[in-house]
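Undergrad: Residue numbers (my numbering): 65 to 506.
1. Assuming residue 192 and residue 502 form a contact by the criterion Cβ under 8 Å, report the distance between their Cβ atoms to the nearest whole angstrom.
2. Measuring alpha carbon to alpha carbon, tell me which residue in 90, 69, 446 and 129 is nearest residue 491.
3. Which residue from 410, 432 and 416 puts its Cα closest to that of residue 422?
4. Taking just the CA atoms, how far does residue 194 sit from residue 119?
5. Taking residue 175 as part of the alpha helix (DSSP H), name the residues at either end of that continuous run.
6. In its own chain, which residues sit with a C-beta less than 8 Å from the C-beta of residue 286, not counting the 5 before and 5 after it?
7. So, using beta-carbon positions, are residue 426 and residue 390 closer together than 9 Å?
8. Between the stretch 239-250 and the stretch 131-143, are three or more C-beta pairs nearer than 8 Å?
9. Just curious, the alpha helix (DSSP H) that residue 353 is in, first and last residue?
10. DSSP puts residue 282 in a beta bridge; with which residues?
11. Residue 441 to residue 72, Cα distance in whole Å?
12. Write down every uninterrupted run of the beta strand (DSSP E) in the stretch 359-446 whose length is 3 residues or greater and which is fully enclosed by it, in chain order.
13. Is the separation between the beta-carbon of residue 347 and that of residue 237 shorter than 9 Å?
14. Tell me, which residues are paired with residue 347 by DSSP?
15. Checking the sheet assignment: what are the DSSP bridge partners for residue 119?
16. Consult DSSP for residue 247 and reduce its assignment to one of helix, strand or coil.
17. For residue 162, report the span of its beta strand (DSSP E) as first-last.
18. Following the continuous alpha helix (DSSP H) through residue 315, name the residue where it begins and the one where it ends.
19. With residue 167 and residue 419 assumed to form a contact (beta carbons below 8 Å), what rounded beta-carbon distance in angstroms separates them?
20. Beta carbon of residue 375, beta carbon of residue 328: below 9 Å?
21. At 3 residues or longer, what runs of the beta strand (DSSP E) sit wholly inside the stretch 180-219?
22. Locate the alpha helix (DSSP H) running through residue 480, then write down its first and last residues.
23. For the structure I just gave you, are there three or more beta carbon pairs, one from the stretch 358-365 and one from the stretch 311-323, closer than 8 Å?
24. Buried or exposed for residue 322, please, with buried defined as at least 16 other CB atoms from any protein chain shown within 10 angstroms of its CB.
25. By Cβ distance below 7 Å, which residues in the same chain neighbour residue 76 in space, the five residues on each side in sequence not counted?
26. Exposed or buried, residue 330, counting other C-beta atoms within 10 Å across all chains shown (16 or more means buried)?
27. Drop a sphere of 10 angstroms on the beta-carbon of residue 67, count the other beta-carbons inside from all chains shown, and report buried for 16 or more, exposed for fewer.
28. If I'm right that residue 107 touches residue 239 with Cβ under 8 Å, what's the distance once you round it to whole angstroms?
29. For the pair the stretch 439-456 and the stretch 468-482, tell me if three or more CB-CB distances fall below 8 Å.
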């Protein structure tokens with residue numbers, strides 16, 4: 065792995081790696097579940113040393129930072145000035161460039177879109193043209209192809225994002241508990257008036273209880289709750305602990321496999337029972353609401369040495385029958401889904417490899433060694449591709465290449481851009497070779 069300390073380091077490496085199919089790819093915090101930031105036999109550029117926040121412009125409502133700055137760093141700096149990010153993912157520990165390459169999304173996609181929608185401009189290193197400053201007005205084809213482009217259009221060095229006023233580090237949440245999948249789909253299909261919306265699903269429950277849920281819909285809270293007062297104005301030097309605190313516990317290395325279907329079934333049942341049937345305007349700090357798993361450091365170690373598979377799909381709006389069929393596959397195949405998160409997506413935006421499209425997205429976590437897992441996921445792949453949906457490439461390490469063009473029909477646009485900025489095929493990853501993205505060699 066090559067650790068970049070400057071733009072010149074990246075340019076020098078791209079210039080050295082001129083052999084076709086060399087397989088140079090940038091890597092951030094390593095939080096991807098798939099192989100998008102790996103390159104067996106090639107070169108991986110560690111970008112985490114380039115983590116400086118360059119500027120915050122309160123008048124223009126913009127923040128500029130280097131590629132390796134994390135969402136946590138950006139939020140802490142912005143909160144100190146009474147500002148925030150419009151879109152955040154499920155963890156604070158991804159880098160800025162990683163968020164752009166994966167076009168990450170949050171609980172408010174139906175309202176605010178994904179991360180790409182809020183990128184104002186970026187600086188990109190390309191093999192053919194060197195250092196480029198891009199925006200919707202300067203080389204828009206390359207700019208948009210980079211948003212969700214999985215690092216295959218160049219190495220992001222720096223980006224400028226639009227920001228918003230932070231009313232307080234709190235949200236006000238409405239909580240509803242549903243008894244089964246039918247009730248969950250009915251509740252979430254209604255008109256959505258809240259800015260944030262997410263459902264935790266119990267997919268281990270049997271019979272009509274399968275798909276019962278805790279649905280949380282929330283809006284920013286202007287004033288803190290009386291029991292937990294906060295200053296009216298955030299000091300410019302203050303970093304609210306709710307946005308910057310570390311994990312409460314960390315799972316140690318070598319942790320044995322402690323998660324099993326029976327124990328998780330009991331845990332899910334308990335979690336569902338202790339949740340209120342209906343609660344309105346519950347104050348919640350932003351960090352636990354947006355990043356619940358950040359409270360447990362290295363939580364994936366709970367799955368033992370074989371690890372986990374996270375699989376995320378999106379089913380287009382209007383194809384709800386396919387959505388219900390996907391749940392039926394999970395039930396019939398008896399997939400041991402230990403965590404399931406269900407959300408609504410708004411209109412698509414971004415490049416040819418950007419994942420979100422208008423519809424419904426389901427993310428499920430399962431032990432990697434579960435019997436029959438590979439065949440079950442292949443069945444889901446075919447179902448998703450057949451209805452015009454797609455699988456999230458940032459979380460994929462096993463999909464068959466034959467389905468890529470069905471899921472991502474704009475691959476020709478990506479190929480045209482890559483032919484211009486990387487004609488020798490210097491950029492590449494295990495992901496691009498496995499799926500032969502724009503004809504990359506196997």
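Where is the CB? At the ideal position from N, CA and C, for every residue including glycine.
TA: On the basis of the supplied data:
1. Incorrect: roughly 15 Å between the Cβ atoms, too far for contact.
2. Closest in alpha carbon position to residue 491, among 90, 69, 446 and 129, is 90.
3. Comparing Cα-Cα distances from residue 422 to each of 410, 432 and 416, the minimum goes to 410.
4. If you take the alpha carbons of residue 119 and residue 194, they lie about 24 Å apart.
5. Counting along the chain, the alpha helix (DSSP H) containing residue 175 begins and ends at 173-176.
6. Answer for residue 286: 231 and 232, listed in chain order.
7. Contact flag set, yes.
8. At 8 Å Cβ cutoff, the stretches do not touch.
9. Counted as a single uninterrupted DSSP element, the alpha helix (DSSP H) harbouring residue 353 occupies residues 350-354.
10. BP columns for residue 282 point to 237 and 260.
11. Whole-angstrom Cα-Cα distance: 42 Å.
12. Runs found: 372-380, 403-409 and 423-431.
13. Yes, they are a contact pair.
14. In the DSSP output, where bridge partners are listed per residue, residue 347 has 236.
15. Note: residue 119 sits in a beta bridge opposite 128.
16. Residue 247 falls in the helix class under three-state DSSP.
17. Counting along the chain, residue 162 falls outside any beta strand (DSSP E), though it belongs to the alpha helix (DSSP H) covering 160-165.
18. Looking at the DSSP string, residue 315 is not in any alpha helix (DSSP H), and its letter there is neither H nor E.
19. A Cβ-Cβ distance of about 6 Å is found for the pair residue 167 and residue 419, placing them in contact under the 8 Å criterion.
20. No, Cβ-Cβ distance for residue 375 and residue 328 is not below 9 Å.
21. Complete beta strand (DSSP E) runs here, min 3: 183-190 and 194-198.
22. For residue 480, the enclosing alpha helix (DSSP H) stretches over residues 475-485.
23. In this structure the stretch 358-365 touches the stretch 311-323; the number of beta carbon pairs closer than 8 Å is three or more.
24. Result: exposed.
25. Counting only Cβ-Cβ distances below 7 Å, and skipping sequence neighbours, we find nothing.
26. With fewer than 16 Cβ atoms within 10 Å of its Cβ, residue 330 is classed as exposed.
27. It is exposed - the Cβ of residue 67 has fewer than 16 other Cβ atoms within 10 Å.
28. Distance from residue 107 to residue 239 at the Cβ level is roughly 48 Å; contact not present, criterion being Cβ atoms closer than 8 Å.
29. Contact check between the stretch 439-456 and the stretch 468-482: three or more CB pairs, one atom from each, fall below 8 Å, which counts as touching.
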